[in-house]
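Asker: All letters in the sequence shown, in the order written, are residues 9 to 97 by our numbering.
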Amino acid sequence: MNQGEVLEIGRQAMDVALRISLPVLGLSLLAGLIVAIFQAVTQVQEMTLTYVPKILAVVVALFLFGGWMLTQIVSFASQSFHAIERVGQ
Numbered sequence: 009m010n011q012g013e014v015l016e017i018g019r020q021a022m023d024v025a026l027r028i029s030l031p032v033l034g035l036s037l038l039a040g041l042i043v044a045i046f047q048a049v050t051q052v053q054e055m056t057l058t059y060v061p062k063i064l065a066v067v068v069a070l071f072l073f074g075g076w077m078l079t080q081i082v083s084f085a086s087q088s089f090h091a092i093e094r095v096g097q
């Protein structure tokens, strides 16, 4: 295994981490934005009000995208283990 292969595995790891985190972060961002607009319109300045919608958005994202996320992680782990196996040969 040369330096290029190691860098490629690292690049793939960062790519998988980014793809897995985007649905959760995106829905959390959307929930935070909606609550912030609601607070601005109604002039409610309660900081703890944003936590519950964000937590619910994360739970919904994990419920909707959890299977896909698990598939991505297992696929990357399988590829990584096969690459490690090739080193020993």
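Virtual Cβ for every residue (Gly too), placed ideally from N, Cα, C.
Computed from a predicted structure; not experimentally measured.
In angstroms with no decimal places, state the Cα-to-Cα distance between PHE46 and PRO61.
Answerer: Taking the sequence shown and counting its residues from 1, one reaches residue 46 at position 38. Taking the sequence shown and counting its residues from 1, one reaches residue 61 at position 53. Between PHE46 and PRO61, the C-alpha separation is close to 12 Å.
Asker: State the CB to CB distance for the pair SER88 and ILE17, rounded to an integer number of angstroms; the pair is presumed to be in contact (CB under 8 Å).
Answerer: Within the sequence shown, numbered from 1, the residue matching residue 88 stands at position 80. Within the sequence shown, numbered from 1, the residue matching residue 17 stands at position 9. That belief holds up - the Cβ atoms of SER88 and ILE17 are roughly 6 Å apart, short of 8 Å.
Asker: From this set, PHE73, SER83, ALA85 and ARG94, which residue's C-alpha is nearest VAL32's C-alpha?
Answerer: As a first step, residue 32 must be located in the sequence shown, where it is residue number 24. Residue PHE73 is the option with its Cα nearest to VAL32.
Asker: Can you tell me which of the three DSSP states VAL43 falls into?
Answerer: For this step, residue 43 is matched to residue 35 along the sequence shown. Residue state, collapsed to three classes: helix.
Asker: Report all residues from its chain with a CB closer than 7 Å to the CB of GLN20; omit the five preceding and five following residues, and keep chain order.
Answerer: On the sequence shown, position 12 is the one that residue 20 refers to. The answer, listed in chain order, is PHE84.
Asker: Near GLN80, which residues of its chain fall below 8 Å by C-beta distance, leaving aside the five closest residues on each side in sequence?
Answerer: Walking along the sequence shown from the start, residue 80 turns up at place 72. Around GLN80: VAL24, ARG27 and ILE28.
Asker: Considering Cα atoms alone, identify which of MET22, ARG94 and SER36 is closest to LEU70.
Answerer: To locate residue 70, count along the sequence shown from 1; it is residue 62. Closest option to LEU70, Cα to Cα, is SER36.
Asker: Where does VAL24 fall in DSSP's three states?
Answerer: In the sequence shown, residue 24 corresponds to position 16, counting from 1. In the structure shown, VAL24 sits in a helix (DSSP, three-state: H, G or I).
Asker: Note down the Cα distance separating GLU93 from MET22, rounded to an integer number of angstroms.
Answerer: Here residue 93 refers to the residue found at position 85 of the sequence shown. Here residue 22 refers to the residue found at position 14 of the sequence shown. C-alpha separation (whole angstroms): 21 Å.
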